[in-house]
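Asker: Respectively, the protein sequence lines represent chains A and B.
Numbers 296 to 896, taken from the working numbering, label the letters of the first sequence in order.
Numbers 39 to 219, taken from the working numbering, label the letters of the second sequence in order.
Quick reminder that beta carbons are idealized off the backbone N, C-alpha and C, glycines included.
Have a look at the structure that comes next, please.
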Amino acid sequence: MLKWIEERTGLGTLLRGALFENIPGGARWRYVWGSTLTFTFFVQIITGIFLWMAYNPSTQTAWESVYYIQNEMTLGWLLRAVHHYTANAMIVLLALHLMQVVIDGAYRAPREVNFWFGIGLLMLVLALSLTGYLLPWDQKGYWATKVTTSLMNQIPGVGKEVEQLAIGGSEYGHHTLSRFFALHAGVLPGAMIALIVGHVYLFRRHGITAKKPLRKPDGWFWPDQFLKDTVACLAVIAVVLYLSLDTWIWGQGELGAPLGAPADPTQPFDARPEWYFLFLFQLLKYFPGELEIYGTLVIPGAVVLLIGLMPFIGRWQLGHRFNLAVLFALLLGVGALTSLAIYEDSNPQYAKNLQQARETAARVKVLAQAPPEGQGIPAQGALELLRNDSLTQGPKIFAEHCASCHRYDGHDGLGNKPEEAPSAADLAGFASRDWLSRLVSVEHIATDKFFGNTEFKEGKMVSFVQRKVANFDEAEKDQLSKALIALSAEAQLPAQRTMDRNDAGTIEAGKNHLLDDVGCADCHQFHFEDEDLTAPDLTGYGSKSWLVDMIGDPEHRRFYGDKNDRMPSFLRDGILTDRAVDLVADWLRNDWFEPGGDLAQ
Amino acid sequence: MTRNNSPSISDRRGFFAAGLAALTGLFPLLAGLGVLLDPLRRKSNEAGRLVRIASLSALPDDGVPRRFDVITDQVNAWNHRANVPIGAVYLRRTGEFSVEAFSVNCPHAGCFVEYRRTKHNYLCPCHNSEFGIDGSIQDPSSPSPRGLDALEVDAEKLRQEQEIWIRYQKFQAGKPEKLAI
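What follows is the structure, encoded as structure tokens:
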């Protein structure tokens with residue numbers, strides 16, 4: 296049977312040829328790197344094809360399909376993690392392989408061409424990493440790749456054209472993804488296969504460069520070196536699996552490879568490349584404007600050229616030592632630049648931005664889940680979920696447009712504490728029972744949490760509280776507290792839904808107190824109309840529609856009319872869009888999607 | 039029939055055969071050339087378009103820049119969508135009827151530049167380029183080759199309708215001159 300196969304295919308001869316390679320001085324651990332790289336390349340091809348079965352490159356489906364692989368498909372997170380961390384491992388293995396080759400002088404004649412094939416392969420692996428980084432179309436990949444493609448513009452003469460061809464037009468869009476994907480899954484792996492074939496062919500033609508002095512008699516590749524190579528590959532698998540599973544093992548953090556929030560050209564992100572490109576990223580910081588091309592093209596190009604010339608330099612008497620010095624200087628330089636990049640990012644602002652980006656990413660993944668756990672991703676893409684989410688968008692709008700006067704629990708909505716004192720009310724818990732009871736209290740009303748820094752500091756409301764409410768007897772105090780419960784119920788706040796339902800009787804009584812007893816209706820309308828009453832209408836106070844109308848036009852006579860103190864009419868004057876006002880109103884009312892909660896209805 | 043000499047690729051017939059084969063091999067590449075180079079024909083769909091950003095009253099007169107989304111129609115290959123946020127700008131009031139607009143994208147490599155309230159300037163979080171409040175390069179060691187890209191604000195609409203309309207454009211990164219994409 297074996298003979299039959301051998302006669303028809305020559306398989307046995309081929310196999311013997313492959314396995315019985317002479318290893319001068321016998322098998323050694325230092326020869327394993329090439330095999331581990333071949334192995335990781337196969338891992339990438341195979342896991343890549345599996346990912347391909349579920350990935351969809353367009354601006355409305357890339358993040359979404361990766362989310363689906365990561366969070367919904369069986370063991371999808373593991374597949375993605377293996378692909379991601381094997382890519383990382385490849386970079387480390389490449390560095391080790393290059394070191395071994397240079398240290399052992401394996402670049403010397405007649406192996407120059409094979410050395411160049413190796414450099415070509417190194418470049419291809421870096422290109423694969425770069426193109427792969429964009430494919431999830433998350434904020435990280437989007438902004439980092441934007442930097443890379445923008446830098447293409449610096450190529451003299453044809454920069455703009457190169458950039459346009461890379462991104463598939465003049466703007467990022469569907470074709471950026473389809474091009475990067477074609478490069479990542481087609482062109483670059485194809486080129487790699489061609490170079491690997493050449494690399495291995497030339498390697499076998501010239502044989503292994505044995506480390507002198509030979510410690511043992513010559514051996515065969517099979518089985519000694521083969522076993523060592525296999526053990527090394529198993530070690531690579533162990534490392535990749537550990538990196539893929541570490542969050543699962545330790546029970547904290549996200550499973551597998553990270554996935555940020557969907558790419559959004561309107562939201563800032565502190566773009567950083569993958570760790571092995573940080574040295575190039577850091578290098579760019581040192582060249583001012585007109586000299587920038589040294590950081591982007593000249594120095595990196597010169598370094599690659601210098602490595603490429605190593606076979607020739609190595610012919611000189613001191614050439615090999617020079618090459619070794621270059622290699623270690625490079626490793627040192629790369630290490631130093633990488634450390635500096637990491638060091639410079641260890642500042643509170645960067646940490647805060649990173650944290651915020653993580654929170655946004657976590658939130659969009661909650662929303663993206665299929666109902667009822669989430670909202671499900673609409674056809675326009677997951678970004679739409681985020682843009683309509685009051686929990687994440689509300690604070691941003693508040694910080695940008697409201698926090699120059701208002702505060703939210705002392706900060707600007709995003710946790711920053713502005714230096715200047717607030718000049719309008721603190722809106723955290725707006726219209727809730729607690730907030731209202733503090734508003735209508737002698738201790739708080741004239742502080743900077745409420746009217747303290749506004750034109751109303753000495754207005755009727757403040758003096759009403761300070762003179763009348765301060766002197767309420769017990770019965771009146773009870774009526775007031777019921778009236779405030781009734782007023783708070785007008786807001787129909789999701790957080791108070793159960794309380795409001797349970798206190799229906801108190802609310803009914805409170806409404807009557809509000810109208811007849813405690814004095815509110817002397818100035819405010821409340822489910823009745825009276826043109827002479829000029830204080831803000833309390834009908835539906837704090838409800839979504841009340842708040843939207845109030846933010847939209849505080850100068851409307853339902854609200855402050857001509858007594859309005861500085862508050863812009865955000866809708867009437869077109870300062871904010873309807874959607875933005877909706878979002879900030881929902882956020883102030885703590886009304887946002889919660890998985891499975893009845894807030895969702 | 040027997041062969042009396044082995045063919046060489048350097049003789050005329052061999053050269054012809056090799057050349058012809060190379061051309062044949064090029065065939066699929068030539069077929070795809072049009073699609074490959076098609077992006078060079080695509081002009082920015084935003085170039086020079088006037089976009090309403092906000093009303094003048096949206097900008098306080100404290101001279102502090104505010105960030106606004108640019109909401110307009112978007113062409114993304116085969117998709118046409120109306121009123122979607124496609125980018126952002128910084129707007130700053132410089133007088134009763136004058137507004138300054140800057141692209142949020144750093145002219146160095148396109149990162150999202152952030153306004154810092156504490157220092158009253160702009161910082162690019164990528165390679166630390168610093169820009170003054172007027173958009174000019176503040177720190178001479180900044181890698182950015184030019185100041186922030188100012189965008190044209192429609193003066194007539196500003197004065198007559200108190201509306202901020204800007205000519206939304208993107209500019210080539212990494213060049214000292216401001217060249218529209």
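Please list the terminal residues of the continuous alpha helix (DSSP H) segment that includes valine 247 of chain A.
Answerer: No answer is possible for residue 247 of chain A: it lies beyond the span of chain A, which begins at 296 and ends at 896.
Asker: Please give the ranges of any alpha helix (DSSP H) in the region 761-848 of chain A, keeping only runs that are unbroken, at least 4 residues long and fully inside the region.
Answerer: The qualifying runs are 769-785, 792-797, 799-811, 839-847.
Asker: I'd like to know whether the C-beta of lysine 81 of chain B is nearer than 8 Å to at least one C-beta of chain A.
Answerer: Yes, lysine 81 of chain B counts as interfacial toward chain A.
Asker: Ignore the nearest five residues each way along the sequence and tell me which others in arginine 406 of chain A's own chain have a CB closer than 6 Å to its CB.
Answerer: Counting only Cβ-Cβ distances below 6 Å, and skipping sequence neighbours, we find His501.
Asker: Taking the beta carbon of alanine 663 of chain A as the centre, do at least 16 other beta carbons fall within 10 Å, making it buried, or is it exposed?
Answerer: So alanine 663 of chain A ends up on the buried side.
Asker: So which residues on chain B does phenylalanine 582 of chain A lean against when the C-beta distance must stay under 7 Å?
Answerer: Correct list: Pro181.
Asker: Check serine 141 of chain B in the structure and name its three-state DSSP category.
Answerer: Strand.
Asker: Would you report the Cα separation of proline 77 of chain B and glutamate 850 of chain A, rounded to the nearest angstrom?
Answerer: In a straight line, the C-alpha of proline 77 of chain B is about 51 Å away from that of glutamate 850 of chain A.
Asker: Per DSSP, what kind of secondary structure is serine 445 of chain A in: helix, strand or coil?
Answerer: Serine 445 of chain A falls in the helix class under three-state DSSP.
Asker: According to DSSP, what are the bridge partners of histidine 515 of chain A?
Answerer: Reading the sequence as shown, one finds tryptophan at residue 515 of chain A and not histidine. A:Asn317.
Asker: Sort A:Gly514, A:Pro560, A:Thr342, A:Ile602 by Cα distance to glutamine 112 of chain B and report the nearest one.
Answerer: The residue with the shortest Cα to Cα distance from glutamine 112 of chain B is A:Pro560.
Asker: What three-state label does DSSP hand alanine 59 of chain B in the structure shown?
Answerer: Three-state DSSP puts alanine 59 of chain B in a helix.
Asker: For isoleucine 341 of chain A, which of A:His378, A:Asn642, A:Leu314, A:Leu306 has the nearest alpha-carbon?
Answerer: Comparing Cα-Cα distances from isoleucine 341 of chain A to each of A:His378, A:Asn642, A:Leu314, A:Leu306, the minimum goes to A:His378.
Asker: By alpha-carbon positions, which one of A:Leu310, A:Val338, A:Tyr645 ends up nearest to alanine 382 of chain A?
Answerer: Here the closest residue by C-alpha is A:Val338.
Asker: Measure from the C-beta of histidine 221 of chain B to each C-beta in chain A and report whether the shortest distance is under 8 Å.
Answerer: Limits of chain B in this structure are 39 at one end and 219 at the other, which puts residue 221 of chain B out of reach.
Asker: Given this structure, state the Cα-to-Cα distance separating aspartate 704 of chain A from leucine 686 of chain A, to the nearest angstrom.
Answerer: If you take the alpha carbons of aspartate 704 of chain A and leucine 686 of chain A, they lie about 15 Å apart.
Asker: Within 8 Å of any Cβ in chain A, is that where the Cβ of arginine 87 of chain B sits?
Answerer: Chain A, which has no Cβ nearer than 8 Å to the Cβ of arginine 87 of chain B, makes this no.
Asker: From leucine 497 of chain A to isoleucine 386 of chain A, what does the alpha carbon distance come to, in whole angstroms?
Answerer: If you take the alpha carbons of leucine 497 of chain A and isoleucine 386 of chain A, they lie about 22 Å apart.
Asker: Just the chain A side, please: which residues come within less than 7 Å of leucine 196 of chain B by C-beta, in chain order?
Answerer: Going along chain A, no residue has its Cβ under 7 Å from leucine 196 of chain B, so there is no contact; the nearest lies around 13 Å.
Asker: Can you tell me whether DSSP reads histidine 706 of chain A as helix, strand or coil?
Answerer: In this structure, histidine 706 of chain A counts as strand in the three-state DSSP scheme.
Asker: Contact between the region 440-458 of chain A and the region 209-217 of chain B is defined here as three or more beta-carbon pairs at a separation below 8 Å; is this criterion met?
Answerer: The region 440-458 of chain A is in contact with the region 209-217 of chain B.
Asker: Using a Cβ cut-off of 7 Å, which residues of the region 353-370 of chain A contact any Cβ in chain B, in chain order?
Answerer: Result list: Thr354.
Asker: Return the first residue and the last residue of the alpha helix (DSSP H) that tyrosine 362 of chain A is part of.
Answerer: Tyrosine 362 of chain A -> alpha helix (DSSP H) spans 357-366.
Asker: Using a cut-off of 7 Å between C-beta atoms, extract the partners of histidine 118 of chain B located in chain A.
Answerer: Within chain A, no residue comes near histidine 118 of chain B; the closest Cβ sits about 12 Å away, beyond 7 Å.
Asker: From A:Ser758, A:Phe751, A:Ala719, pick the residue whose C-alpha is nearest to that of serine 736 of chain A; which is it?
Answerer: With distances taken between Cα atoms, serine 736 of chain A lies closest to A:Ser758.
Asker: Using a Cβ-Cβ cut-off of 7 Å (strictly less than) and excluding sequence neighbours within five positions of glutamine 896 of chain A, which residues of its own chain qualify?
Answerer: Residue confidence is low: glutamine 896 of chain A scores 41 on pLDDT, short of 50, so the model does not pin down where it sits. No coordinate-derived value is stated.
Asker: List, in chain order, every chain A residue whose beta-carbon is nearer than 7 Å to that of glutamate 152 of chain B.
Answerer: Pro563, listed in chain order.
Asker: Which class does phenylalanine 745 of chain A belong to by DSSP, given the choice of helix, strand or coil?
Answerer: If DSSP states are grouped into helix, strand and coil, phenylalanine 745 of chain A belongs with coil.
Asker: For leucine 894 of chain A and phenylalanine 745 of chain A, what's the separation of their Cα atoms in angstroms?
Answerer: Low per-residue confidence applies at leucine 894 of chain A: pLDDT is 47, beneath 50, and the placement is therefore not dependable enough to give any value.
Asker: What would DSSP say about glycine 125 of chain B, mapped onto helix, strand or coil?
Answerer: Reduced to three states, the DSSP call for glycine 125 of chain B is strand.
Asker: Is it right to say isoleucine 740 of chain A is buried, meaning 16 or more other beta carbons lie within 10 angstroms of its own, or is it exposed?
Answerer: That one is buried.
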